[in-house]
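Sequence order for the protein chains is A and B.
Heads up, the first sequence stops at 403 in the numbering used here, and the numbers go up one at a time, no gaps.
Heads up, the second sequence stops at 269 in the numbering used here, and the numbers go up one at a time, no gaps.
Even glycine gets a Cβ: it sits at the ideal position worked out from N, Cα and C.
Since we're looking at a predicted model, the values are computed, not measured.
These notes are about the structure you will find just below.
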Amino acid sequence: MTTLVIAEHNNQALNPATLHAVSAAACLGEVHVLVAGKDAAAVVEQARQVVGVTKVLSVDAPHYVVGLAEELAPLAVSLAADYRYLAATATAAGKNLMPRIAALLDCSQISDLTAIVNENTFVRPIYAGNAFVTVSSNEPKLVLTFRATAFDAAAAQGGNAEVVTVNSAAEQGLSRMLRRELVQSDRPELTQARVVVSGGRALGSAEQFDTVLTPLADALGAAVGASRAAVDAEYAPNDAQVGQTGKVVAPELYIAVGISGAIQHTAGMQDSKVIVAINKDPDAPIFNIADYGLVGDLFEIVPQLTAALKN
Amino acid sequence: MKALVAVKRVVDYNVKVRVKSDGSDVDIGNVKMSMNPFDEIAVEEAVRLKEAGKISEIVAVSLGEKKCEDTLRTALAMGADRAVHVETEVVLEPLTVAKLLKAVAEKEQPQLLLLGKQAIDDDANQTAQMLAALLNAPQATFASKVDLTADEVVAQREIDGGVEEVVLKLPAVISTDLRLNEPRFVKLPNLMQAKKKPLEKLTPQELAVDVTPRLQAQKYAEPAARSGGVKVADVSELVEKLKAVKAI
């Protein structure tokens, strides 16, 4: 059975997150990718080369330039007849778009799935990762979003898919984009980073969050994450939140600084390969899942660690 | 201008939910239930818009078993004007919820529909987007700022790597993110007053929505336990260990 994966892109480059949806969808059968954009030929070319993709549907129209869900959903619906599944990675963009498609198709969506049992049956986390439910549906169509950390990225090169140009859907004109501000950073993206350094409420202020964690992240070439408490207290931006209602990460090394380890947070990082916890409370639950725990004052330990790593 | 706010009764966010030993369900008998925290943010936003004179009436809607009345009373105590309870014992799926909310919206004709971005029980993150689709209305999911005028709404959205601002025609659907506002604490006198506010009862049949589930839950399982490792004495031991496993 064939899946149409909706590509996430900025008209210049394919978002690496989409590679995870391709490899997940490949477990279900043939994979086609929809690239809807404006002057996005470079993205079409990249999508064509992804291993596992057999066909790229290319649509070029001005109303697809910023990827508004209101515009993309009717397009996906117009192409849906040939597919059992419509799918994307569960990024902010995927989460925004896919339920809109599911409702227009009058089919269920299975969100953020972490495993595929068979063509009708999937596993997904509920209750902030406290439980996993195996759900099945024999509906003729299903919309799926895949948790990126649960599926390896498909190889970006090596494929040779056919490219087909398809018609755009009529412009809806319900909404428009005023501005998009992406934080310019030399750091790796949180969900793609090899190392993540995360801070919690114990950092005490936005200034200390920055002055304590940034040098450590720099020394490791790491992305910076935060607990929900730290985001709530505005020590860190919203998109740095690691946890069930934020980002789910699974880096090679995760360093939790001043994070107690609420399930909301651990649900977003417990698949990390090596977890280090630094916390002054020896009974903090984070130590129950950390490979290496260091009890003590983070304001002393983190600068020492930064210095040790620089040597 | 009328606003409709959807509120869900969920297991309180402080409760650590466990799976029943036979894997047939999660064990939520006798646990504390509360309004979904993201829905609280939605109610708060509606109330603030009303206080700013931009909204004239707030209708809170909840769908589900009888006890959803408690959740609606909380919304009324926070400042909603009246409540609609679509009562059913069936466990509702997001698409069904969206269909029921659409039916209520068609009766009420709100210009602004506010929902939490996800419920902290099923974590589906679907209902607002589905409702917007069914109403053929624009959507601003994960909103961290809402600016309402007479004929449009400007919303700031949290996206991966930053924020964006979208302009939506009305009626519009907004799903709330964490930082939109900090919900007020409900005081006892407000709870008492809320008991006098109107609460209308409806059924899925009256709204002509089929609520038969389409998804079958086969089994529930606890996450794979990760065993704790070792405590290290100091930074140099930590660095040594990390080097040994090639983490750095």
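By the criterion of at least three beta-carbon pairs nearer than 8 angstroms, the stretch 343 to 363 of chain A is not in contact with the stretch 224 to 242 of chain B.
The beta carbons of VAL266(B) and VAL366(A) sit about 6 angstroms from each other, so the pair counts as a contact at 8 angstroms. Following the DSSP letters along the chain, one finds VAL31(B) inside the beta strand (DSSP E) bounded by residues 30 to 32.
Take GLU100(A), set aside five residues on each side of it, and the residues of its chain with a beta-carbon closer than 8 angstroms to its own are LEU106, ASN107, ALA109, THR110, GLY159, ALA180, THR181, THR183, ALA185, GLY186, in chain order. Judged by their CB atoms, LYS29(B) and THR95(B) are not nearer to each other than the 9 angstroms cut-off.
Between VAL143(A) and ALA247(A) the beta-carbon gap is near 4 angstroms, inside 8 angstroms, which marks them as a contact. Contact between ARG279(A) and ALA315(A) holds: their C-beta atoms lie close to 5 angstroms from each other, under 8 angstroms. For HIS124(A), the pairing in a beta bridge is given by DSSP as LEU96(A), LYS147(A).
Residue state for ALA101(B) is assigned as coil, using DSSP reduced to three classes. At least one CB of chain A lies nearer than 9 angstroms to the CB of THR162(B).
No Cβ of chain A is located within less than 9 angstroms of the beta carbon of SER55(B). For GLU72(B), there is no enclosing beta strand (DSSP E); the enclosing alpha helix (DSSP H) covers residues 58 to 72. When the five nearest sequence neighbours on each side are left out, the beta carbons in the same chain lying within less than 7 angstroms of the beta carbon of GLU61(B) are those of PRO204, in order along the chain. With at least 16 other beta carbons inside 10 angstroms of its own, ARG178(B) counts as buried.
Where ARG192(A) is concerned, the enclosing alpha helix (DSSP H) starts and stops at 184 to 197.
By the neighbour-count definition (other C-beta atoms within 10 Å, threshold 16), ASN230(A) is an exposed residue. Within chain A, no residue has its CB atom less than 9 angstroms from the CB of GLU127(B), the nearest being about 15 angstroms off. Here LEU259(B) is not near PRO192(B), since their CB atoms are 9 angstroms or more apart. Taken in chain order, the complete alpha helix (DSSP H) segments of 4 residues or longer contained in the stretch 79 to 159 of chain B are 89 to 99, 115 to 129, 148 to 155. Contact between ALA113(A) and VAL127(A) does not hold, since the beta-carbon distance rounds to 13 angstroms and is not under 8 angstroms. Scanning its chain for C-beta atoms nearer than 8 angstroms, with the 5 sequence neighbours on each side dropped, one finds around PHE301(A) the residues GLY291, LEU295, ALA318, ALA322, TYR327, ALA328, in chain order. Note that the stretch 146 to 155 of chain A does not touch the stretch 141 to 160 of chain B; fewer than 3 beta-carbon pairs, one per stretch, sit closer than 8 angstroms.
Here ASP144(B) is actually not in contact with ILE378(A); their C-beta atoms are around 21 angstroms apart, not less than 8 angstroms. ARG178(B): member of the beta strand (DSSP E) spanning 173 to 180, first to last residue. Chain-ordered, the chain B residues with CB closer than 8 angstroms to the CB of GLU273(A) read GLY183, VAL184, GLU185.
With a threshold of 9 angstroms between beta carbons, VAL255(A) makes no contact with chain B. When Cβ-Cβ separations below 9 angstroms define contact, GLU114(B) makes contact with chain A.
Around the beta carbon of GLU163(A), 16 or more other beta carbons sit within 10 angstroms, so the residue counts as buried. Counting along the chain, no alpha helix (DSSP H) covers ALA248(A), and no H or E run does either. Annotation for PHE301(A): the continuous alpha helix (DSSP H) segment containing it runs 298 to 312.
One alpha carbon belongs to HIS124(A), the other to GLY85(B), and they sit about 39 angstroms apart. At a cut-off of 9 angstroms between C-beta atoms, ALA229(B) does not count as an interface residue with respect to chain A. Listed along the chain, the chain A residues whose CB falls inside 7 angstroms of the CB of GLN139(B) are THR337.
From the listed residues ALA67(B), ASN57(B), LYS262(B), the smallest Cα separation to MET22(B) is found for ALA67(B). By the neighbour-count criterion, in which 16 or more other beta carbons inside 10 Å mark a residue as buried, GLU65(B) falls on the buried side.
9 angstroms or more divides the Cβ of LEU135(B) from the Cβ of ALA242(B).
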